[in-house]
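What follows is one structure encoded as structure tokens, with my remarks underneath.
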Amino acid sequence: MLTKPVLESTDIILDIKEQKRCDCALMLDTSLSMTGKKLALLAVAAAVVAYKLPSEDFAIISFESTASTLKKMRARMPIEQVVTKILQVPAVGYTNVEAALEEGLRQLAAGRHKKRVGILLSDGKYTAGGSPLPVASRYRNLHVVLLGDFNTDPAMCSALAVGGHGMLYRAPSFESLPRTLNRLVADLLT
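Structure (structure tokens):
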């Protein structure tokens, strides 16, 4: 039973948990080494991001010898369309991480939140463009997901994450990629 006949504003405690908002540039390696099942799993990984973040808060960039924006920042796009666009990307060309990071920065500049994050999914072996390290250092937060455990460059992925003030996540098998990306996005939003 209440001891006061009338409640006052100081008598009420309200605990509201609000999801943090951030802008995210998701950069997907779609070079020749990413054919078939690997590309399909990248689409699933992108769907994880699309499910967790409002559509207007993320951009998706595919890259091989060049970088292409599949979904621009602040544009709305249903999850199904995000997945379809990624599955339509042919796995061709070399791996130009520098171009991907440059395009990621351009997309983040169009964002509207203070927190702006790049997420790079790659094996870390760049075979086109210049060193991606100077571009990585221009990020406030660049998280790198090292894809696979064979024919990868973990040292480069680690250097990109450290230089980009972010974390290195590992997806040793492509089957572990959705779980890894889910953990990364959960870390961003808590």
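Quick note, the sequence shown lines up with residues 1 to 190 if you use full-length UniProt numbering.
For glycine and all other residues, C-beta sits at the position ideal for the given N, C-alpha and C.
Quick caveat, the model's predicted, so the values are computed rather than measured.
What whole-angstrom Cβ distance do residue i and residue j have, given they're in contact under 8 Å?
{"i": "isoleucine 61", "j": "alanine 109", "result": "Contact doesn't hold; Cβ gap of about 13 Å is too wide."}
{"i": "leucine 160", "j": "alanine 128", "result": "The pair is not a contact, with the Cβ atoms about 16 Å apart (cut-off 8 Å)."}
Give the straight-line distance between the Cα atoms of residue i and residue j, rounded to the nearest whole angstrom.
{"i": "leucine 28", "j": "leucine 105", "result": "14 Å"}
{"i": "valine 89", "j": "threonine 10", "result": "57 Å"}
{"i": "residue 203", "j": "glutamate 8", "result": "Given that the chain is displayed from residue 1 to residue 190, the structure contains no residue 203 and the question cannot be resolved."}
{"i": "alanine 75", "j": "serine 55", "result": "7 Å"}
{"i": "serine 131", "j": "glutamate 98", "result": "6 Å"}
{"i": "serine 65", "j": "leucine 168", "result": "23 Å"}
{"i": "proline 154", "j": "alanine 186", "result": "23 Å"}
{"i": "isoleucine 86", "j": "proline 178", "result": "15 Å"}
{"i": "serine 158", "j": "aspartate 57", "result": "26 Å"}
{"i": "serine 176", "j": "alanine 43", "result": "13 Å"}
{"i": "alanine 47", "j": "glycine 148", "result": "19 Å"}
{"i": "threonine 95", "j": "glutamate 102", "result": "14 Å"}
{"i": "leucine 188", "j": "proline 5", "result": "44 Å"}
{"i": "arginine 112", "j": "threonine 152", "result": "34 Å"}
{"i": "methionine 77", "j": "leucine 53", "result": "12 Å"}
{"i": "lysine 125", "j": "tyrosine 139", "result": "20 Å"}
{"i": "serine 122", "j": "valine 144", "result": "8 Å"}
{"i": "tyrosine 173", "j": "lysine 114", "result": "Inspection of the sequence shows that residue 173 is occupied by serine rather than by tyrosine. Each residue's alpha carbon lies about 33 Å from the other."}
{"i": "alanine 67", "j": "leucine 32", "result": "14 Å"}
{"i": "residue 245", "j": "leucine 133", "result": "Any answer about residue 245 is impossible in this case: the structure gives the chain only from 1 up to 190."}
{"i": "valine 83", "j": "alanine 91", "result": "15 Å"}
{"i": "phenylalanine 63", "j": "alanine 100", "result": "6 Å"}
{"i": "arginine 170", "j": "isoleucine 79", "result": "24 Å"}
{"i": "leucine 146", "j": "leucine 39", "result": "15 Å"}
{"i": "alanine 50", "j": "asparagine 182", "result": "11 Å"}
{"i": "alanine 59", "j": "methionine 156", "result": "24 Å"}
How would you call residue i, buried or exposed, if buried means at least 16 neighbouring beta carbons within 10 angstroms?
{"i": "histidine 165", "result": "exposed"}
{"i": "threonine 180", "result": "buried"}
{"i": "leucine 142", "result": "buried"}
{"i": "isoleucine 13", "result": "exposed"}
{"i": "arginine 116", "result": "buried"}
{"i": "phenylalanine 150", "result": "exposed"}
{"i": "threonine 190", "result": "exposed"}
{"i": "lysine 71", "result": "buried"}
{"i": "threonine 30", "result": "buried"}
{"i": "glycine 36", "result": "exposed"}
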